[in-house]
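Engineer:
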Amino acid sequence: MTTLDIALSFVISYVAGIVPADCFCNHKSMTEKLELCFKRAVNKWTNNPETQNAVGEHMRKYLPQLKDFIAHKPIGRHPKENDLLRLWAEEILNDTECNTFLLEHEHQIMALKLEEGCITAKEILEDTNNIKAQIEQLRNRGITKSSVYWEQWASGPNRIKLNTNILLAGREKEKQKVIESCNAPCCLYVEATSTKEAIAFVVAAIINESNVLAERAIVATNNETYKDIVENSNGMIFVTDIQENAHYVVSRRHTVILCVCPSDKNNEACTIHLPRLDREGFISSLVGSGVNEAKARSLAVDSARDISVLRNLLGFTDKIPVWQTTENIRLIIPALLLGEWHEEWQGDKDLVESITEKNYDNYIEEITPLLFADEAPLIRIGKIWKIKSPFDLLRQLGSYITSSHLDRFAEVVEWVLQDDDPDAEDKMNEKGLRWWQNKQAFSERIKEGVFQSLTLLSIVPCHIQDNKDWVDCFIENKFKDFDLKRYLTHRHNLQWLVEASPSSFIKFIQDDIKKGSPLLNQIMDVKHKDFSIIGTEIYYTELLFALEALAWDEQYLFDTTYILMHLCSYPNDSNYANKPINTLLSIYRFGLPQTYAPFETRLEILKSCATKHPKTISTLCVLLLKGLSEQVFMPNAHFRWRMRNRKESPNYIPSIPTTHVIAIVQLLLATSEFSVENIKEMVNLSFDNYLRSCRTMFLDAISKYKDKIKGNEEITDCLREKINWHLQYQKSNWALSKEELVPFEKLLSEIESDDILIKNKYLFENFLIKAPDYKDYDNDFLKKNKETREIRAKIIKQIINEKGLDAVWPFAETVKYKEGVANALFDLYGTDIRGEIYKKYCNGDLSKTFVNRYFSSIYSGQGESAYMSMIEELNSISQKHISIILSAPGYQQTLADFASTLNKDVEKEYWEDVNILSCPEEKYGNIIWKLCSVKRYTDILHIIRIKNDENTISTDIKIRVLCEMVTNGAWDILRSHMYEISDILKTISLPKDNTTKSLLLQMEFLIYDNLRHYMNAHEIHLIQEINKEPSLLMEIYALVFKADDGFEEECSQDNTQVKLKLTMANLAYRFIHNYHEVPCSDFSGEVDENALSKYFEELKRLAKQYHRTNIFPMIIGQILGNFRETEDYPSEMFCRFVEHFNDDRIDSEIRCALFNRRGMTTRSPFEGGTIERHHIQTFTKYRDKARYHSPRLTRIFEKLIKEYQQMAEKEDNEAKLLDITN
């Protein structure tokens, strides 16, 4: 024990009154010293000043109370008393006489510690036994121990035992407040959607924290018994819904946690409101309680993570909620049938009035109290009213739904279905970007709610009447009215209708197919859009989702498969994975098939469809076999409620029986047409290790057709490539051994062509021959290149020996790598056949690629002098085609000079073909203009960028080249090489010559929309000039906006002029849209106030000159709106400008600029309005700063704050709704 421990033991013993009196015989003043130490400790004690004074002045009266706290171990000492005891012990140690006393009596004090422990243990046992006895006596009178209460609350049917996290997930702060309240007498209110949930939460928090707290905590539900135990116990924690005399209970040194629901009274100052449970924590808790994850996720959605609803869904036996009176049930049933509605839509309110037969406001007045009832069935989020859990509530109240209710509900569904979107087909066919106005009467909320209710009526059993038959009959009749417009209008709710009546939907689709598929033909048509992220749009996704959900049920699997087979017959070039064949693949795959039907059933269905759809079955079998090695799968759509008890999350992928694989291979072989593509697929599959048991089946099947496929290059290339691939990577686990490859090599030898040309064509596919013994071409390049040339020369020699040289020319044109044949001929003959090759080229028998490589090799091997002599020789044969000989070696000064002596067509062709690898710097200018003459702008940009300095290539040349590209309409090159262009422009200083300067500015204006992505604004010459010259800015605005009234310009009748004007207007509009600069500012954003004032004055003058005074406020507002939001924003200068102009139109432009500057936002679905609240904080800071400098600017910021508050509230409500429904 430390000296502090000894001192603390002495203090506790002294307080407890077990220190013998003879200890103080030799220390008469010891008692007084202890009192002084006590007072000093009280002065240092952090507690209420009144408490400090009371305790410090009356130590003798306080010690008995302190003794109670020390001795009552089940309750434990409160933190404040602990602090006081520790401080007292420290003061005793600091006092010399007291310290000496402790040292003299150290052994006695340690003995007293043991004695104190025995006495305390005895007292603890007695008190604990007394409390237990009291609780046992009162158990049946509304008093329950927390541990017992939890056992009763958490235990459900089918051995379900909920754990404490089911109530604590996402409520850590609230839990901590409950625990803190247990450490000192106090009163705390805990509000939840139901009193039962609040009590269970508090109990869970206490049990989860510690057993010590749990021993002190009891649940009290009987008032009289509650009063008795308050008087006869010490330091208890009462969890109760009894609010009477709570403060008296606290005065008795107990903690009271009052559990209430929204309709109960509470003290807001000491109330915690339980938030909705965290989704993932809720699901994890259910999984931990033994619920399958898939079911846990369904329960999370169906219960809206409300504990009372969850207990109902799990089958716990609880009392009927107090709100379920006859009158309230009568009120809630219409809301239950509607599911949800949006009261900002008049159509929704009309439907509420129709189904309730009451005025909307009167009905809302009657139903509003149910929002705050204990275990409320209804919630309201913003303007949306919603049944919390339609599934649970319909199970409880389904028997109360009468035929009268159903008749009114049928009328509502009828109205909702007839609410077609008049623009649905136009939206589907629109290729461009267009904004559409909503012309429908009812909100999407009420539509989804109504369709969900229709589904639930069909699924949830009712003991009084059979709603399923009623729903089936109703939906079957309504499907008869479905045309394209109605399908497009309701396609997002199609799955609810299908879940409500699967048989009606299947009959509807089958009838359409029998009629020639008039509806499906339109739905399955892939639409190509001009403005689309994907490029294509599809309108059958919801149809596929519905079929995926149907396929889970084996009784509908055959019909679903038949329909999907039919849908596979439609051409589909979309970029979406949602395709009928992929849906079939996921349904029938070996691992985790997306249906509850066993493999035998699935196989029989596929066999039955093979007669009518053999190609689709064959394709599906190939995909199934390819998917054997896949380990990651996407789940199919599943109905929300139908078959919900069978829905489970798999923990592993079961092993696939070999018999299943063999059965699918047999089906593939039975349905295959053995086309080239089919056989190639079989070849690829036969190399798969997952199909080793079926390898012989594939090879035998292919061998039956070997006479038919002999010499087929596609098949032999495929087989050869696979063999070489496995030989190349023999050490890999997946590679077949050489022994396993023998049957494949045998098959290849049997089906290879006997024709030497076809047989060796594959050797000329690439730059190097990809043989299996070479893995790293980079390290062995020279060696491999040499070997490749030797092999090819040998093959070409064999061809010549067998078929003659004339056979080589067509062969060279059929192979991919023509240069390989040219190299081989050069290696064999050198320059001996140059004349023959040139003649063949002149006759059109050989390609430029072949001839170019051959003569390039000659130049490299013979040198320039010999090459020039050869040119003279070949020129005598044909001067018209001599440019190919001149351009073959790439740019050479001598050859270029020779080309210039020939006719213009030859020279032009030379500059079109010649490769500019290197040239003297003094020739760059001339070469650039020569390339310009044949519009080789890409090569010019490359040359300029490499030699991007003023001494080599002048600024004038750079500008003129870029302007010529614009003038000649080389827009594709400009767009694809904008990075190089921007690099070139960065090296150009603004020319002093006005003509050159004007060309540069015009060129930058024309390409600005692309250029701005590659250059900073201060680097663009046009922006620099506009920021200095207001006349340029006014010219650009004048291109977009019409003149003032009375000064209208005459419209040209020349279509070319009209088109040019529209083009310039569009370019000017794009420039204005992306111009975010403030004139007269430097790179850091610092604005010269005097210069900007003069700029504005000049703009005002120019606006009158250009007759554009109507847009002057807009221009000023946009410029002011571009002021940077730096640390001193809004600056006093900015405020002065706003007040100086004193124009509402300018203020509006500033507000728009500030709003648009925030741009687009992305957020998580459940984030809410956090982004908007951040903007509110920013604008609040700006408003407060501008308040004393600019009233107009203050109003701008206040308007923005109000707008963002509305947006934040909207985002919050959407997030809450998504959080509840997902």
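Take 4 as the starting number for the sequence shown in this note's numbering and just add one per residue.
Cβ coordinates follow ideal geometry from the N, Cα and C atoms, glycine included.
Source: prediction; values computed, not measured.
In its own chain, which residues sit with a C-beta less than 8 Å from the C-beta of L744, not counting the 5 before and 5 after it?
Structural biologist: In the sequence shown, residue 744 corresponds to position 741, counting from 1. Excluding positions up to five away in sequence, the list reads I726, H729, L730.
Engineer: Is the beta carbon of I526 sitting closer than 8 Å to the one on L550?
Structural biologist: Here residue 526 is taken as the residue at index 523 of the sequence shown, counted from 1. Here residue 550 is taken as the residue at index 547 of the sequence shown, counted from 1. No; because the gap between Cβ atoms is not below 8 Å, this pair is not in contact.
Engineer: Going by C-alpha to C-alpha distance, which of T1224, P380, D562 sits closest to Q513?
Structural biologist: Taking the sequence shown and counting its residues from 1, one reaches residue 513 at position 510. The option with the nearest alpha carbon to Q513 is D562.
Engineer: Tell me which same chain residues have a C-beta within less than 6 Å of the C-beta of L553, skipping the five on either side of it?
Structural biologist: The residue labelled residue 553 in the question sits at position 550 within the sequence shown. So the qualifying residues of the chain are P505, Y559, T563.
Engineer: Fully enclosed by the segment 247–328, which beta strand (DSSP E) runs are 3 residues long or longer?
Structural biologist: 258–263, 274–276, all fully within the segment 247–328.
Engineer: Buried or exposed, going by whether 16 or more other CB atoms sit within 10 Å of the CB of Q455?
Structural biologist: Reading the sequence shown from its first residue, position 452 is the one you call residue 455. Looking at its Cβ environment, which holds 16 or more other Cβ atoms inside 10 Å, Q455 is buried.
Engineer: Give the range of the alpha helix (DSSP H) segment to which I772 is assigned.
Structural biologist: Taking the first residue of the sequence shown as 1, we reach residue 772 at position 769. Run containing I772: none; DSSP gives neither H nor E here.
Engineer: CA-CA distance, Y693 and I182?
Structural biologist: On the sequence shown, residue 693 is found 690 positions in, with the first residue counted as 1. On the sequence shown, residue 182 is found 179 positions in, with the first residue counted as 1. Going from the Cα of Y693 to the Cα of I182 covers about 58 Å.
Engineer: Between the segment 710–723 and the segment 682–697, do at least 3 Cβ pairs fall closer than 8 Å?
Structural biologist: The segment 710–723, when compared against the segment 682–697, does touch it at the 8 Å Cβ threshold.
Engineer: On the DSSP letters alone, give me the boundaries of the beta strand (DSSP E) that R383 sits inside.
Structural biologist: Residue mapping note: residue 383 aligns to position 380 of the sequence shown, counting from 1. 381–384 is the extent of the beta strand (DSSP E) around R383.
Engineer: Reducing DSSP to helix, strand and coil, say where H1178 ends up.
Structural biologist: As a working mapping, residue 1178 is identified with position 1175 in the sequence shown. In this structure, H1178 counts as helix in the three-state DSSP scheme.
Engineer: Rounded to whole angstroms, what is the Cα-Cα separation between W737 and F690?
Structural biologist: In the sequence shown, residue 737 corresponds to position 734, counting from 1. In the sequence shown, residue 690 corresponds to position 687, counting from 1. Going from the Cα of W737 to the Cα of F690 covers about 9 Å.
Engineer: Looking only at its chain, what residues have a beta carbon closer than 6 Å to the beta carbon of K434, apart from the 5 residues adjacent to it on each side?
Structural biologist: Numbered from its first residue, the sequence shown carries residue 434 at position 431. Closer than 6 Å at Cβ, skipping near neighbours: K532, D533.
Engineer: Can you name, in chain order, every residue of its own chain whose Cβ lies under 6 Å from the Cβ of S577, other than the five neighbours on each side?
Structural biologist: Mapped onto the sequence shown, residue 577 falls at position 574. These residues qualify, in order along the chain: V529, T539, I541.
Engineer: In the DSSP assignment, what are the bridge partners of L191?
Structural biologist: Here residue 191 refers to the residue found at position 188 when the sequence shown is read from its first residue. According to DSSP, which records beta bridges pairwise, L191 is partnered with I260.
Engineer: First and last residue of the alpha helix (DSSP H) that includes K683?
Structural biologist: Taking the sequence shown and counting its residues from 1, the one referred to as residue 683 is at position 680. Residues 679–689.
Engineer: Would G1124 and A1094 qualify as a contact pair, given that the criterion is a beta-carbon distance under 8 Å?
Structural biologist: Start at 1 with the first residue of the sequence shown, and residue 1124 comes out as number 1121. Start at 1 with the first residue of the sequence shown, and residue 1094 comes out as number 1091. No, Cβ-Cβ distance for G1124 and A1094 is not below 8 Å.
Engineer: With DSSP as the reference, please indicate the residues paired to V222 in a beta bridge.
Structural biologist: Position 219 of the sequence shown, counted from the start, is the residue given in the question as residue 222. In the DSSP output, where bridge partners are listed per residue, V222 has T147, V242.
Engineer: Count the C-beta pairs between the segment 1191–1199 and the segment 1137–1149 that are closer than 8 Å, then say yes if the count reaches three, no if not.
Structural biologist: The segment 1191–1199, when compared against the segment 1137–1149, does touch it at the 8 Å Cβ threshold.
Engineer: Q155: which of N235, I202, W914, R647 sits nearest, CA to CA?
Structural biologist: As a working note, residue 155 is residue 152 in the sequence shown. Comparing Cα positions, the closest option is I202.
Engineer: Suppose the cutoff is 8 Å on Cβ atoms and the five residues either side in sequence are ignored; what does the same chain contact list for V415 look like?
Structural biologist: Here residue 415 refers to the residue found at position 412 when the sequence shown is read from its first residue. Hits under 8 Å: L340, L341, L354, S357, I358, V453.
Engineer: What three-state label does DSSP hand H345 in the structure shown?
Structural biologist: As a first step, residue 345 is located in the sequence shown; it is residue number 342 there, counting from the start. DSSP places H345 in strand when its eight states are reduced to three.
Engineer: Give a yes or no on whether the C-beta atoms belonging to I840 and V854 are separated by under 8 Å.
Structural biologist: Start at 1 with the first residue of the sequence shown, and residue 840 comes out as number 837. Start at 1 with the first residue of the sequence shown, and residue 854 comes out as number 851. Yes, Cβ-Cβ distance for I840 and V854 is below 8 Å.
Engineer: Go to K842, then tell me how far its alpha helix (DSSP H) extends in each direction, as first and last residue.
Structural biologist: Taking the first residue of the sequence shown as 1, we reach residue 842 at position 839. Note, K842: alpha helix (DSSP H), 837–845.
Engineer: Give the range of the beta strand (DSSP E) segment to which K389 is assigned.
Structural biologist: On the sequence shown, residue 389 is found 386 positions in, with the first residue counted as 1. K389 -> beta strand (DSSP E) spans 387–390.
Engineer: Considering only the beta carbon of each residue, do I1174 and T1164 sit closer than 8 Å?
Structural biologist: Working through the sequence shown from its first residue, we reach residue 1174 at position 1171. Working through the sequence shown from its first residue, we reach residue 1164 at position 1161. Contact flag set, yes.
Engineer: Give the range of the alpha helix (DSSP H) segment to which I930 is assigned.
Structural biologist: Indexing the sequence shown from 1 puts residue 930 at position 927. It spans 927–936 - the alpha helix (DSSP H) in which I930 sits, taken as one unbroken run.
Engineer: Might you give, ordered along the chain, the residues of its own chain that have their beta carbon closer than 7 Å to the beta carbon of S706, omitting 5 neighbours on each side?
Structural biologist: Residue mapping note: residue 706 aligns to position 703 of the sequence shown, counting from 1. Within the same chain, S706 has close Cβ partners L750.
Engineer: Please list, in chain order, all residues of the same chain as A1211 whose beta carbon is under 6 Å from its beta carbon, the five residues on each side excluded.
Structural biologist: Residue mapping note: residue 1211 aligns to position 1208 of the sequence shown, counting from 1. Within the same chain, A1211 has close Cβ partners G1172, E1175, R1176.
Engineer: Output the distance between the C-alpha atoms of I665 and K797, rounded to the nearest integer angstrom.
Structural biologist: Here the question's residue 665 lines up with position 662 in the sequence shown. Here the question's residue 797 lines up with position 794 in the sequence shown. Each residue's Cα considered, the two are about 46 Å apart.
Engineer: Tell me whether H1079 sits in a helix, a strand or coil according to DSSP, three-state version.
Structural biologist: Sequence index remark: in the sequence shown, residue 1079 carries index 1076 (1-based). The answer is coil: DSSP assigns H1079 none of H, G, I, E or B.
Engineer: Are the segment 956–976 and the segment 986–997 touching by the rule of at least three beta carbon pairs closer than 8 Å?
Structural biologist: Touching, yes, given that three or more Cβ pairs across the two stretches are closer than 8 Å.
Engineer: Can you pull the DSSP bridge partners for K164?
Structural biologist: Locating residue 164 in the sequence shown gives position 161, where the first residue counts as 1. Per DSSP, S158.
Engineer: From the DSSP output, read off the bridge partner residues of T539.
Structural biologist: On the sequence shown, residue 539 is found 536 positions in, with the first residue counted as 1. Paired residue(s): H531.
Engineer: Mind checking who S1084 pairs with in its DSSP beta bridge?
Structural biologist: Indexing the sequence shown from 1 puts residue 1084 at position 1081. The partner list for S1084 (beta bridge, DSSP) reads V1090.
Engineer: Can the beta-carbon of E651 be found closer than 8 Å to that of T604?
Structural biologist: On the sequence shown, residue 651 is found 648 positions in, with the first residue counted as 1. On the sequence shown, residue 604 is found 601 positions in, with the first residue counted as 1. Going by C-beta atoms, E651 is not nearer than 8 Å to T604.
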